[in-house]
Structure formats: C-alpha cells, structure tokens
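S.K.: If you're matching them up, the sequences are chains A and B in order. One gets our numbering by counting positions in the first sequence from 1 and adding 114 to each. In terms of our numbering, the second sequence has 164 at position 184, counting the first letter as 1, and numbering is strictly consecutive. Handing you this structure, nothing more for now.
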Amino acid sequence: MAGATRVRDDALVRAGRAVRLALLVALALLFLIPFYLLVRNGLAREEDITSPDWTFFPSHIQWGNLGELFDDSSVPFLRSLLNSALIAVATTVGTVLLASLAGYGLARIPYRHANKVFYAILGTLMVPAAVTFVPTFVLVSSLGWVSTLRGLIVPTLFSAFACFVFRQYFLGFPRELEDAAHVDGLGYWRTYWRVVVPNARPVFAAVGTIVFIGAWNSFLWPLVIGQDRNAWTVQVALSSFTTSQVVRLHELFIAAAVSIVPLLLVFLLFQRWIVAGVERSGID
Amino acid sequence: MTRTAGRLRERNRALWFWVFVGPSVLGLLVFTYVPLGWSVWLSFFDAHNTVTPDTFVGLDNYTALLKDDAFTSSLWTFCVFTLFIVPATYAASLALALMVNRLRRAQAFFRSVFFLPAACSYVVAALIWKMSIFNGVRFGLANTLLGYVGVDQVAWLSTTDPPWYWLVIVTVRLWLQAGFYMILFLAGLQRISPTLYEAAAVDGARPGWQVFRHITFPQLRATSVAVVLLLVINAFQAFDEFYNLLSDARGYPPYARPPLVYLYYTALGQGQNLGLGSAGAVLLALIIAVVTVGQARWFGLGRKEAG
C-alpha cells in the first residue's frame, strides 16, 4: 500500500519536474526573442523588415549592413560609440577609485565623526535621480559644462551606493593582513594599495561591472547634457534615430545590436561577479 | 608626553580619514546637496532660460504647478504605472526565482538567460518593442501573431482608446528588470534554512503551495520588502522607455507623461522654465520622501526582524 503511494508520488514528482522544465525553456526562448529580433532586423534588407508577410528568418543575410552603418556620414555613430566608451570607462574607474577609498576609510580608520559622515553619504541615497536632474542640470549649466565630456562624466563619479557596498565589504574583510602590514610599518595609504586592493578583487569587479553597465546604458543625463551632436553618447544617438522622421530601419537595428556588444562581453566575463555583488549589496 | 603622542596619533588618523573619504563627500556635497539647495532657491523665482534670475515670485511656481493639469496627470500616470509594474515584476521575478532555484542542472544557464536583458538599455529595448514587436502595422510581430488568430491590427502606441500603450510600456520594463529581482529572490531563497523544510515535511505539509505559503513566503519577507521598495522608487524614475516609446518626430503625445517626462519638457523643452521645473523637482522630492517613509513604516523596515 505504502509502496504504491511512493511509486505514484515519484511519477508525480517526475511529471512536475518535466512540466517545470518545459515552462522554463519556453520562458527562456521568450526572453531571448528580443535579442534575436535585434540581430535579425540588423542583418536583413529593409524590404524584409517592412514586408507585410512577416517571416521568422529574413530571406537574405546582409553582412554589408555593418559596413554601411559606419560609412554613413549623416549619422555620428562612430563618434557616439567613442564618447560612450570614454565616458563609461572614466566613470567606472573614477567611481570605483573614489568609492573604494571612502568605503575603506569609513570601515577602517577610527575617527570621531565617522558615523556622521557615513549618514551624510547615505542621505544622498534618499534623493532619487528623478529629483536631482533638474537642479544638477542648473548647476552644470552654470559651470558652462553643457555638451562637454566633463559635464557628462564628473557629476556621475560620486556614488553613495558604491561607497556603501565597499564599506560593507571592508567591514567583513579579515583584519590580520592589515595588522601585519601595520606591524611592518606601513601607513594607511600603502596598506590600502599593497595589501587591501590586491585581496579585494571580487568587490572591485562586482561594483565596476555594475557601474560600467549603468554608465553605458544611461540615457537621461547624456540626453540633457549632450545637446551638441559631437557630445552624443550611443544611447542618445540611437534615440535620436528612433524619434526622427527619416529612418533606415536596418541601419538602426544594426546600430543597436553593435551598441550592446561591449556590454554582452563585460556581462559574460563578469556575470559571476555581478550576481555576487548584487547578492552582497546589502539591500536586504 | 604620552597624551600629546595620543593626540597626535588621533589627529593623524583624522587626516587620513579625510584623505580617503573627503573626495567622495565633497563630490556628493557639490553634486547632490548643492543642486538641491539651488533648486529650492530657484523654485521661488521666475527663471526662464537662466540660472541667475532676479524676479522673486514666492510660491507662484508651486501654485501654478498644482493647477496645471499636465503636472497632476503626470502623477496620475505614475500611479497607474506603479499599479501595473510593481505587482507584475514582483510576481514574475519571484516565480522565476522559485523555478530556477529548484533546478538541479542548468541553473546557471537559466539564471543567465533571465538576467541577460539587464545588459540591454531602455533605449535599445524600446527600439525593439516600438519598431519590431508593437509597431501597430502589419509587419510587427505582435500584429502578425494576432493576424494568425484573426484579430485585426492594433495601433499599440498611437491610441488612447483602448490604452494598449500600457501593455507595451509595462512589458518592456518587465523584460528588462525581472531577471535582476530574480537574483535578489534567489539570494533570499538560499538563506532559508533546509531544516525548516525538513520540519515541514515531518509535520506532513505537502510540498508545493502549503510549503510556499507557510515557510518560503514568510521567510522571504525581508527580501520582499526590499524588492517592493526598489520597484516603487524605480517606477518614480521612469523616463527612458516612455520617452523612447512614445515620442516621435511630431513630438510627445499629451497622454502618458510620468513626472520625469513632464519635468524634462518643462525645464528643458522650449522656454526652459527652470523655476517651474525646480518647483516640480522639490514637490517630487517631498512626495517620494513621504511615500518611502510611509512604506518603510508600513512594512516595519528597520525594525528588528523576528526570527
């Protein structure tokens, strides 16, 4: 009797597992379709994209679309790619450097007012970007930084969130290494660079990846500050194509596909770190 | 002698503290606190196209805003958006996490696939949604699929009656965000002690709904609170997908302007009304603060978790 129930239960469990797996595969395909559409349209002919008889596969694969995109001089695409790369790299390096220093100071250097300083930093987290973009624009424009790389980079270098993540990480960092360094006569500065940084690579990778993705994908700030075509980032350039009257669809799609390649690379290389960083970010 | 040495050491530490922390504090002061203060100041002035206005208008900007239908309807748009996106993302990401968590094999693969859209920008996602899936003409994917079952073409983004554009707006964000919140839930699930499930099995709880309701869901409380809080805050920031999905060469339609889109057009559109824009930013800050604090109180955030 008991044996029969066991058998029926096992069959049920197996069936349940199969259903769940099938559902997951279907969902995974659904999640991947937009990526497929991006590449499909980017490599198709204009007629294939706008054909009333929609087909899953285009009738021709046009690798030439890629060259056409970079040859088209009416579109500052290459320039905007370079701008984005420069901005994303500078923002990532700057943010990680500033935030890791601050996080270390807060976690490890005893100072009477350290807590007050920490709360002043955390307080800025309470002020969402939705609220600061008009005032920050006012400040940046009064500095004369509109349409400059400075205006696009400098205001984004200071992240309370990144400071917080680094502080939490360094609080849980084993003290023995630093104690040994102090015994050897190293000060805070040299201990930080020679002992702490080389042993804290995971958190640098995690925060760096998150900051890089955010900087590459950010749209509102570059849209507001990059008013001149020469200061456009790749997101602003793409957006200006979608909202303009004359648009060559295949070119737009291949441009969008190219724009996500750097992120996919970063993502695939560092995704373990992103996951660890998100899990460890202390949001719960 | 030792006292002076101690004081010296203390001063030395303070100095190093500021070497490490100072640059960040200075930056946050200049680029968050100063702009906020400036914004409050500007909001009392008639400031068109200028950051150094000289006409003090008192609370006029605020009263003008509250009388402006475009502003109040932007708050309404935000409410509708939040009502759709928060429950949808919460349910989808929790469901994904539960399914992925129970996989024995290929867990990393599915986790990556669902998280992958996080690497996509709203601009690119909106482009795919607007130009390829929901473009309202026959060559769009959605209309093609509907055509197979005999449904007429739907003008997804260019009609308010019925407001199909909400489906487009909500699905973009759902696709982009669900994987990120799934990771948070996965982290929460992994922290639940296996002994709880063993105890439940001994007590005769059926795996599935009962275990989820009495063990998994209550244990995810802290994660759930954080997720909902983040979802609401992020909904307040909605700009990219609205702007990219709805505006075209003819401009932005009068409907579906969330607060940030409203502020963008007021402060930086034609006329550059920075006084009005600043007043809007200040009002928005107050609303967000009230909502966040209220929500934190409601969920008992910051109270010690029981168990």
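Where is the CB? At the ideal position from N, CA and C, for every residue including glycine.
Using a Cβ-Cβ cutoff of less than 8 Å, which residues in the same chain neighbour residue 296 of chain A once the five nearest sequence positions on both sides are dropped?
M.R.: Position 182 of the first sequence, counted from the first residue, corresponds to residue 296 of chain A. Closer than 8 Å at the Cβ level, and outside the excluded window around residue 296 of chain A, lie 305.
S.K.: Below 8 Å between beta carbons: does that hold for residue 179 of chain A and residue 365 of chain A?
M.R.: Residue 179 of chain A sits at position 65 when you count from the first residue of the first sequence. Residue 365 of chain A sits at position 251 when you count from the first residue of the first sequence. Yes, they are a contact pair.
S.K.: Please report the straight-line C-alpha distance between residue 385 of chain A and residue 88 of chain B, rounded to a whole angstrom.
M.R.: For this step, residue 385 of chain A is matched to residue 271 along the first sequence. For this step, residue 88 of chain B is matched to residue 108 along the second sequence. Spanning the two alpha carbons is a distance of roughly 10 Å.
S.K.: Counting Cβ pairs, one atom from each stretch, are 3 or more of them under 8 Å apart for the region 249 to 259 of chain B and the region 12 to 25 of chain B?
M.R.: Yes, since at least three Cβ pairs between the region 249 to 259 of chain B and the region 12 to 25 of chain B fall closer than 8 Å, the two stretches touch.
S.K.: Would you call the region 214 to 221 of chain A and the region 276 to 289 of chain A touching, i.e. three or more CB-CB distances under 8 Å?
M.R.: Result yes; three or more Cβ-Cβ pairs closer than 8 Å.
S.K.: Going along chain B in order, which residues have a C-beta closer than 9 Å to the C-beta of residue 225 of chain A?
M.R.: Here residue 225 of chain A refers to the residue found at position 111 when the first sequence is read from its first residue. By Cβ distance, chain B contributes -10, -7, -6, -4, -3, -2, 1.
S.K.: Can you tell which of A/164, A/206, A/124, A/371 has its C-alpha closest to the C-alpha of residue 111 of chain B?
M.R.: Start at 1 with the first residue of the second sequence, and residue 111 of chain B comes out as number 131. Ranking A/164, A/206, A/124, A/371 by Cα distance to residue 111 of chain B puts A/164 first.
S.K.: Have a look at the DSSP bridge pairing and note the partners of residue 28 of chain B.
M.R.: Along the second sequence, read from residue 1 onward, the residue named residue 28 of chain B stands at position 48. Bridge partners of residue 28 of chain B: B/253.
S.K.: Using a Cβ-Cβ cutoff of less than 6 Å, which residues in the same chain neighbour residue 390 of chain A once the five nearest sequence positions on both sides are dropped?
M.R.: Residue 390 of chain A sits at position 276 when you count from the first residue of the first sequence. The answer, listed in chain order, is 320.
S.K.: Measuring from the CB of residue 260 of chain A, is there a heavy atom of the ligand MG at a distance below 7 Å?
M.R.: With respect to small molecules bound, the structure shown includes none, and the ligand MG cannot be examined in it.
S.K.: Confirm, please, whether the CB-CB distance from residue 104 of chain B to residue 370 of chain A is below 8 Å.
M.R.: Working through the first sequence from its first residue, we reach residue 370 of chain A at position 256. Working through the second sequence from its first residue, we reach residue 104 of chain B at position 124. Yes; because the gap between Cβ atoms is below 8 Å, this pair is in contact.
S.K.: Straight-line CA distance for residue 284 of chain B to residue 194 of chain B?
M.R.: Residue 284 of chain B sits at position 304 when you count from the first residue of the second sequence. Residue 194 of chain B sits at position 214 when you count from the first residue of the second sequence. For residue 284 of chain B, the pLDDT reaches just 46, beneath the cut-off of 50, and the residue's location in the model is therefore unreliable, leaving the point undetermined.
S.K.: Let me see if you follow: with CB-CB separation under 8 Å, is residue 149 of chain B close to chain A or not?
M.R.: Here residue 149 of chain B refers to the residue found at position 169 when the second sequence is read from its first residue. So, not an interface residue.
S.K.: So, with DSSP's three-state summary, where would you put residue 58 of chain B?
M.R.: Position 78 of the second sequence, counted from the first residue, corresponds to residue 58 of chain B. Helix.
S.K.: Measuring straight from C-alpha to C-alpha, what distance separates residue -6 of chain B and residue 302 of chain A?
M.R.: By one-based count along the second sequence, residue -6 of chain B stands at place 14. By one-based count along the first sequence, residue 302 of chain A stands at place 188. Near 12 Å, if we compare the C-alpha coordinates of residue 302 of chain A and residue -6 of chain B.
S.K.: Let me make sure I understand the geometry here. Which of A/330, A/205, A/141 has the alpha-carbon closest to that of residue 90 of chain B?
M.R.: Position 110 of the second sequence, counted from the start, is the residue given in the question as residue 90 of chain B. Of the candidates A/330, A/205, A/141, the one whose C-alpha sits nearest the C-alpha of residue 90 of chain B is A/141.
S.K.: According to DSSP, is residue -11 of chain B part of a helix, a strand, or is it coil?
M.R.: The residue labelled residue -11 of chain B in the question sits at position 9 within the second sequence. DSSP places residue -11 of chain B in helix when its eight states are reduced to three.
S.K.: Does the structure place the region 50 to 61 of chain B close enough to the region 230 to 249 of chain B that three or more beta carbon pairs sit under 8 Å?
M.R.: A contact exists between the region 230 to 249 of chain B and the region 50 to 61 of chain B.
S.K.: Closer than 7 Å, Cβ to Cβ, to anything on chain B: give me those residues from the region 317 to 342 of chain A, in chain order.
M.R.: Residues 327, 331, 333, 334, 338.
S.K.: DSSP on residue 301 of chain A, reduced to helix/strand/coil?
M.R.: As a position in the first sequence, residue 301 of chain A is number 187, starting the count at 1. Three-state DSSP puts residue 301 of chain A in coil, outside helix and strand.
S.K.: Less than 7 Å between C-beta atoms, sequence neighbours within five positions excluded: which residues of the same chain meet that for residue 115 of chain A?
M.R.: For the purposes of this step, residue 115 of chain A is identified with residue 1 of the first sequence, where counting begins at 1. Model confidence at residue 115 of chain A stands at a pLDDT of 47, short of 50, so the residue's coordinates are unreliable; what they give is reported in the following sentence. Once the five neighbours on either side are set aside, residue 115 of chain A has no close Cβ partner at all.
S.K.: May I ask you to report which of helix, strand or coil DSSP gives residue 34 of chain B?
M.R.: For the purposes of this step, residue 34 of chain B is identified with residue 54 of the second sequence, where counting begins at 1. Coil, per DSSP.
S.K.: Are residue 228 of chain A and residue 220 of chain A close, meaning C-beta to C-beta below 8 Å?
M.R.: Position 114 of the first sequence holds residue 228 of chain A. Position 106 of the first sequence holds residue 220 of chain A. A contact, by the Cβ cut-off of 8 Å.
S.K.: With H, G and I counted as helix, E and B as strand and the rest as coil, what does DSSP make of residue 162 of chain A?
M.R.: What you label residue 162 of chain A is simply residue 48 of the first sequence in a count that begins at 1. Looking at residue 162 of chain A - three-state DSSP - the assignment turns out to be helix.
S.K.: Helix, strand or coil for residue 115 of chain A per DSSP?
M.R.: Walking along the first sequence from the start, residue 115 of chain A turns up at place 1. Annotation note: pLDDT 47 at residue 115 of chain A (below 50); position unreliable, coordinate value reported separately. Coil at residue 115 of chain A, not helix or strand.
S.K.: Name the residue from B/28, B/203, B/114 whose alpha carbon lies nearest to the alpha carbon of residue 255 of chain B.
M.R.: Looking up residue 255 of chain B in the second sequence gives position 275. Considering only alpha carbons, the answer is B/28.
S.K.: Taking CB distances under 8 Å as the criterion, tell me whether residue 285 of chain B reaches chain A.
M.R.: For the purposes of this step, residue 285 of chain B is taken as the residue at position 305 of the second sequence. For residue 285 of chain B, the predicted model reports a pLDDT of 45, less than 50, meaning its position is unreliable; a value from the coordinates is still stated below. No - not a single Cβ of chain A is within 8 Å of the one on residue 285 of chain B.
S.K.: Would you check if the distance between the CB atom of residue 166 of chain B and the CB atom of residue 77 of chain B is smaller than 8 Å?
M.R.: Within the second sequence, residue 166 of chain B is the residue found at index 186, counting from 1. Within the second sequence, residue 77 of chain B is the residue found at index 97, counting from 1. Yes, the Cβ-Cβ distance between residue 166 of chain B and residue 77 of chain B is below 8 Å.
S.K.: With distances taken Cα to Cα, identify the nearest neighbour of residue 241 of chain A among B/231, B/246, B/217, B/249.
M.R.: By 1-based counting over the first sequence, the position of residue 241 of chain A is 127. Residue 241 of chain A has its Cα closest to that of B/217, out of B/231, B/246, B/217, B/249.
S.K.: Can the beta-carbon of residue 261 of chain A be found closer than 8 Å to that of residue 158 of chain A?
M.R.: To locate residue 261 of chain A, count along the first sequence from 1; it is residue 147. To locate residue 158 of chain A, count along the first sequence from 1; it is residue 44. Taking 8 Å as the Cβ cut-off, residue 261 of chain A and residue 158 of chain A do not qualify as a contacting pair.
S.K.: Going along the chain, which unbroken runs of the alpha helix (DSSP H) with 4 or more residues stay wholly within the region 238 to 276 of chain A?
M.R.: Listed in chain order, the complete alpha helix (DSSP H) runs (minimum 4 residues) inside the region 238 to 276 of chain A are 243 to 256, 263 to 267.
S.K.: For residue 231 of chain A, go through chain B and note every residue whose CB falls closer than 7 Å to its CB, in chain order.
M.R.: In the first sequence, the residue the question calls residue 231 of chain A occupies position 117. Residues of chain B passing the Cβ test: 1, 5.
S.K.: Who are the near neighbours of residue -12 of chain B in its chain, counting only those whose CB is closer than 8 Å to its CB and skipping five residues on each side?
M.R.: Against the second sequence, residue -12 of chain B aligns to sequence position 8. The answer is none, since no qualifying residue turns up.
S.K.: Taking the beta carbon of residue 128 of chain A as the centre, do at least 16 other beta carbons fall within 10 Å, making it buried, or is it exposed?
M.R.: As a working mapping, residue 128 of chain A is identified with position 14 in the first sequence. So residue 128 of chain A counts as exposed.
S.K.: Would you mind stating whether residue 325 of chain A and residue 276 of chain A have Cβ atoms separated by less than 8 Å?
M.R.: By 1-based counting over the first sequence, the position of residue 325 of chain A is 211. By 1-based counting over the first sequence, the position of residue 276 of chain A is 162. Yes.
S.K.: Are the beta-carbon atoms belonging to residue 190 of chain A and residue 294 of chain A less than 8 Å from one another?
M.R.: Here residue 190 of chain A is taken as the residue at index 76 of the first sequence, counted from 1. Here residue 294 of chain A is taken as the residue at index 180 of the first sequence, counted from 1. Not a contact, by the Cβ cut-off of 8 Å.
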